[in-house]
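Following: one structure in C-alpha cells, then a few remarks.
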Amino acid sequence: MQILPDRDKNFLRSLIVLALPISIQNLINSSLNMVDTLMLGALGEIEIAASSVANALFFIIMLVVFGISSGSSVLVSQYWGKKDVRSIQRIFGISLILSSGIAFVISLLIFLFPETVVSIVTDKSELIGPSAGYARIVAFSNLFGAAATVYIGTLRCMENARFGMYVHSAGILTNTLLNWIMIFGKLGFPALGLKGAAIATLIARMLEFLVCTLHAASRKKKYAILSRESFRPGRLLFQDYLRYSLPVIVNESLWGVGYSLLSVIYGHMGTLAVAAASIAVSIERILGATVFGIASAAIVLVGKEIGAGNLENGRQNAHFLLRLSFFYGGVLGIILMLSRPLVLSLFNLSPDTLQAAAAILGVMALVMPARSFNATLIVGVLRGGGDVHFALFADVSGIWLLSVPLLAFAGLVLKLPVAVTYAFIAFEEVYRVALGLWRMKSGKWIRPVTREADGTVSAL
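In C-alpha cells, the structure reads:
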C-alpha cells in the first residue's frame, strides 16, 4: 500500500518553496524561544512561570491577529489563483486596519491595568507582581507584531514565503541576543532579569515592523499589496471578507481563549504545574515547528487551485498533504520521545518539575501524528477550500467541549498530577481527526469564494 500518492514535480517544488522557509522560520522561532526559557530558567522557576503567565495574555492577541491573517488567507489564496492582485490589495487593507485596531485596544488595557489583567490568569501572589511588570513593557509590541504578521501572511499566500522567514528570523535573533545582554548584564549593560527580557521583545517587534514598512514602500510590482486600493475595499468584497474571515477570526479567538484557560487552570494548580507545562510546550514546539510549514503551504496549494477553477487538483493536493502531515507527525513523535532525557538535562530546575515535564512530553509524542494532521486539516485544507464554518466547529468544539472541562475536572477537582491531567487534553486531537476524515470523504469542503469581474461568485 502506497503511503503517499504521486504528485507532479511542479507541485512538489511549490510545496518545498513554501513549506521550507516557513518551517525554518518556525524552527528558529521555537528553538530560540526555548533558549529564552533557558535564560529565564537560570534566574529561577518564578521568572519562568511569570513570563509564561504574561505571555498567555499576549497569546490571545496574537491568535486574534493570526485569525485575521488566516481569514484573509482564505480569500487571498483563491484570488491569487485567479491572479487578481487588485482584490488582494483590498483584502490586505481590511486585515491591516482590523488587526492593528484590536491589538491597540487590548495592549492599552494591559498597559494601564497590568495587575488586574494578570490576576485573571493566576491567583498566585508571587507571580502577579513580576508578570505585571513584564506585561506592561511588552504590551505595545503586539501592535507592531500585528501589522507585520498581516503583511507577511498576505505575501505568503502569494507564494513569497522567504520574506517572512528573513524578517522573523532577524527579529528572533535580535530578541535572543538582546535577552542575553539585558537579562544577564552583558557588554556593559546592567542585569535587568525579567525586565530585560521584556525590553528585548519590544525592540525585536519594532525591528520587524520597520523592515515590513520599508519593504511595502519599495512597491515591487509582483508583491505591491499596499496601495490606494488597500483602503477602498468596496461593499461586495467587504461582505465576502466578513463572510469568510469572520469565522476564522472567531475560530482563532475562541480557540485562543480556550487555550489560555488551560494556562489559567495550570496557574491554579501551582508553580510546578505552570513551569513543567511551559518547558514541555517550548520543547514540543521546536519539533512541531515544521508541521505548520506544511499547514501554511496547504492553504496556498489548495486554495490557489480552487481559485483557478482546478477543483480536482485542489482535492488531490489536499489528500496528499494530509497523509504527509500524519506520517511526518509520527516521525516527530518518535524523535520527541527519544530526546526527552537529553533536552531536559539542559534545565536547572527541581527534579519534580523535570519529571512532570518529561511525562507531559511523552503524552505529546504519542499524539503528535494526530496534532500534525489536524493542523494541516484546519489551518490549511479546510480554510484553503473555503470551508471555514466546519473548521470553526471542529476546532472550537474540541477545546471547549473536551480539553477545558476535562483539564479543569482532572486538575482542580480530582487534583491529579500535572502529567496525568495533560493526557486528558489529548482526547481533543483524536476527536478532530475523526471529524476531519468524515468531512474530507463527503467532499463538501470545496467551496470557491472568489468573484468574477461582474461581481458574481465563482461557481463550482
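Numbering (my numbering), first residue to last: 14 to 473.
Using N, Cα and C, we set each Cβ at its ideal position, and we do this for glycine too.
Pair within 8 Å by beta-carbon distance, E442 and N387: Contact annotation: E442 and N387 have beta-carbon atoms nearer than 8 Å.
So what does DSSP say about R218, is it helix, strand or coil? Looking at R218 - three-state DSSP - the assignment turns out to be helix.
Any chance you could list the alpha helix (DSSP H) runs of at least 4 consecutive residues sitting entirely within the region 411-436, in chain order? Taken in chain order, the complete alpha helix (DSSP H) segments of 4 or more residues contained in the region 411-436 are 417-421.
Could you round the C-beta distance between A148 and I123 to whole angstroms and report it? I think they count as a contact, below 8 Å. The C-beta distance from A148 to I123 rounds to 5 Å, short enough to fall under 8 Å.
I347: buried (16+ other C-beta within 10 angstroms of its C-beta) or exposed? For I347, the number of other beta carbons within 10 angstroms of its own is below 16, and it is reported as exposed.
Between which two residues does the alpha helix (DSSP H) carrying L359 extend? Element bounds for L359: n/a, residue is neither H nor E.
Which term fits S108, buried or exposed, when burial requires 16 or more other beta carbons within 10 angstroms of its beta carbon? Counting Cβ neighbours within 10 Å, S108 comes out buried, since at least 16 surround it.
C-beta atoms of I110 and V89 nearer than 8 Å: For I110 and V89, no; Cβs fall outside 8 Å.
Could you check whether the region 335-353 touches the region 269-280, counting it as contact only if at least three pairs of C-beta atoms, one from each stretch, sit closer than 8 Å? With fewer than three CB-CB distances shorter than 8 Å, the region 335-353 does not count as touching the region 269-280.
In the DSSP assignment, find the unbroken alpha helix (DSSP H) run with P143 in it and report its ends. In this chain, the alpha helix (DSSP H) harbouring P143 covers 138-151.
Just the Cα atoms here: how many angstroms apart are Q102 and S82? Q102 and S82 have their C-alpha atoms spaced approximately 13 Å apart.
Would the region 372-391 count as touching the region 329-337 if we require 3 or more Cβ pairs under 8 Å? Touching, yes.
From R26 to V426, what does the alpha carbon distance come to, in whole angstroms? Spanning the two alpha carbons is a distance of roughly 51 Å.
Would you identify the three-state DSSP class for D400, choosing helix, strand or coil? DSSP places D400 in coil when its eight states are reduced to three.
Can you list, in chain order, the residues of its chain with a C-beta nearer than 6 Å to that of A32? Leave out the 5 residues immediately preceding and following it. Excluding sequence neighbours, A32 sits near G306, I307, A310.
For V394, tell me which candidate among L450, S231, L168, K137 has the shortest Cα-Cα distance. When each option's Cα is compared against that of V394, the closest is L450.
Would you be able to state if there are at least three C-beta pairs under 8 Å between the region 119-136 and the region 89-99? With the cut-off at 8 Å, the region 89-99 and the region 119-136 do not touch.
Assuming V490 and Y257 are in contact, meaning their beta carbons sit under 8 Å apart, how far apart are those beta carbons, in whole angstroms? A question about residue 490 goes unanswered here, because the residues of the chain that appear run from 14 up to 473.
What is the DSSP secondary structure of R245, reduced to helix, strand or coil? Here R245 sits in coil by DSSP.
Between the Cα of I299 and the Cα atoms of T226, Q38, E128, which residue gives the shortest distance? In terms of Cα proximity to I299, the closest of T226, Q38, E128 is Q38.
Would you kindly work out how many angstroms separate the C-alpha atoms of R54 and S410, rounded to a whole number? According to the sequence displayed, residue 54 carries Gly and not Arg. Their backbone Cα atoms lie some 35 Å apart in a straight line.
Roughly how many angstroms separate the alpha carbons of A288 and G94, rounded to a whole number? About 45 Å.
Of all the options I150, G106, G375, R445, which has the alpha carbon lying nearest to the alpha carbon of K208? Nearest to K208 by C-alpha distance, out of I150, G106, G375, R445, is I150.
For I459, which three-state DSSP category applies? DSSP places I459 in coil when its eight states are reduced to three.
Of the choices Y164, P364, A63, whose alpha-carbon is the least far from that of A485? Only positions 14 to 473 of the chain appear in this structure, which leaves residue 485 out of reach.
Own chain partners of F244 with C-beta closer than 6 Å, once the 5 adjacent residues on each side are dropped: Result list for F244: G106, in chain order.
Can the beta-carbon of V261 be found less than 8 Å from the beta-carbon of R169? No, Cβ-Cβ distance for V261 and R169 is not below 8 Å.
So, does the region 313-322 touch the region 372-381, judging by three or more C-beta pairs under 8 Å? Taking one beta carbon from each stretch, the region 313-322 and the region 372-381 have fewer than 3 pairs nearer than 8 Å; the two do not touch.
Would S266 be called buried (16 or more neighbouring beta carbons within 10 Å of its own) or exposed? With 16 or more other Cβ atoms within 10 Å, it is buried.
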